[in-house]
Amino acid sequence: MSIVERALQKAQTQRAQPEATAPGTPAAEALAQSSAHDGGTPAEVAVATATPQVREPGGAARGERIEIRVAELRSAGRLAPEALAHQTEEEFRRIKWPLLSAIFGREGAVRASNNVVLVTSAIPGEGKTFNALNLALSIAREPDLEVLLVDGDVAQPALSSSLGVSGRPGLTDLVVDERLDPADFIHPTSVERLHFLPAGSRRDNSPELLASARMASVIDGLSRRSTPGVVLFDSPPVLATNEAQVLSRYAGQILMVVMADSTEQRVVTEALALLDRSKPVSAVLNRVEPSLVSRYYSHYYYGYGQDRKA
């Protein structure tokens, strides 16, 4: 049983809830053949109805509580197989610590402009959604930090579907209607300190909405309400839609997921050229074949500076 699974069991016991299902644990890119796919039909996850709360603008999340169900998420390829859980926990620790150091100025790191991290890829199928979810779970283990996971892939909201809130109001609705309170659409989850904002209603003018002044205001509000903490966006692939280019303007850091032995360097370079190059961009090499690297170095994490190439 993983550390995160034990933590969720404890939390569920304290809440005296039946059917305690252990949460998944962060898993990362050295998964070889079993996980990290952004396609297919993700398993729907049951959503537990939350007790209605008093409306307080800017207050705690008031959306329905999402139950993180490990078995379904593993079956959908959103979490690592149980046999790889511990290994991939360690891999996601190595991913999150440089990101957190940049957000909070730890260990002499150059401080990021804000606490918003964009997770993207050059093309579909490289594992960005897998990495976004598992990175969020890993950050949620930090005792002093909250993490807001946002489904920013409004064209293909796989994360919203995996968590059982597909079609629920979310990001795009907040951009369209400034009267809406984000707290009404942010869902607490059964993992302590982890919250989720769905993609929202699909709209034909999504790129224009995301590029609007209102979008900048929404992200600024999400960033401020998540302090101290992290806002983690699961973004569309850069070369598949225009949304990732727009979202990169608002991020303090960008995490580019690259499929090992699959994605051509030319493709990655082309994608990087479309992002806001004033922002620090780091890369995760996903699904590294375990036999090719040491068990202690099965995860690669490296950065792209403004004048560096993939």
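First residue of the sequence shown: -13, per the numbering used here; consecutive thereafter. Note that the Cβ used here is the ideal one computed from N, Cα and C, for glycine as well. The model shown is predicted, which means the values in this text are computed figures rather than measured ones.
To the nearest angstrom, how far is it from the Cα of Phe90 to the Cα of Ala98?
Start at 1 with the first residue of the sequence shown, and residue 90 comes out as number 104. Start at 1 with the first residue of the sequence shown, and residue 98 comes out as number 112. One C-alpha to the other measures close to 8 Å.
Under the three-state DSSP convention, the category Val151 falls into
Taking the sequence shown and counting its residues from 1, one reaches residue 151 at position 165. Note: Val151 maps to coil in three-state DSSP.
Thinking C-beta only, is Glu112 closer than 7 Å to Met245?
Position 259 of the sequence shown holds residue 245. Position 126 of the sequence shown holds residue 112. Closer than 7 Å, so yes.
State the beta-bridge partners of Leu85 as determined by DSSP.
For this step, residue 85 is matched to residue 99 along the sequence shown. Note: Leu85 sits in no beta bridge, so no partner.
Rounded C-alpha distance that separates Ala66 from Gln73
On the sequence shown, position 80 is the one that residue 66 refers to. On the sequence shown, position 87 is the one that residue 73 refers to. Between Ala66 and Gln73, the C-alpha separation is close to 10 Å.
Are the region 127 to 140 and the region 213 to 220 in contact at 8 Å, needing three or more beta carbon pairs?
yes
Entirely enclosed alpha helix (DSSP H) segments - the region 235 to 266, minimum 4 residues
251 to 260
Roughly how many angstroms lie between the CA atoms of Arg263 and Ala197, to the nearest whole one?
Residue 263 sits at position 277 when you count from the first residue of the sequence shown. Residue 197 sits at position 211 when you count from the first residue of the sequence shown. Using only the alpha carbons, I get a separation of about 17 Å.
Using DSSP's beta-bridge definition, name the partner residues of Thr175.
On the sequence shown, position 189 is the one that residue 175 refers to. Thr175 pairs with Ile52.
Through-space distance from Ile125 to Asp163, alpha-carbon basis:
Taking the first residue of the sequence shown as 1, we reach residue 163 at position 177. Taking the first residue of the sequence shown as 1, we reach residue 125 at position 139. Each residue's alpha carbon lies about 30 Å from the other.
Three-state secondary structure assigned by DSSP to Ser297
Since the first residue shown for the chain is -13 and the last is 296, residue 297 is missing from the structure and cannot be characterised.
Beta-carbon contacts of Arg252 that lie in its chain and below 7 Å, excluding the five residues immediately before and after
Looking up residue 252 in the sequence shown gives position 266. Once the five neighbours on either side are set aside, Arg252 has no close Cβ partner at all.
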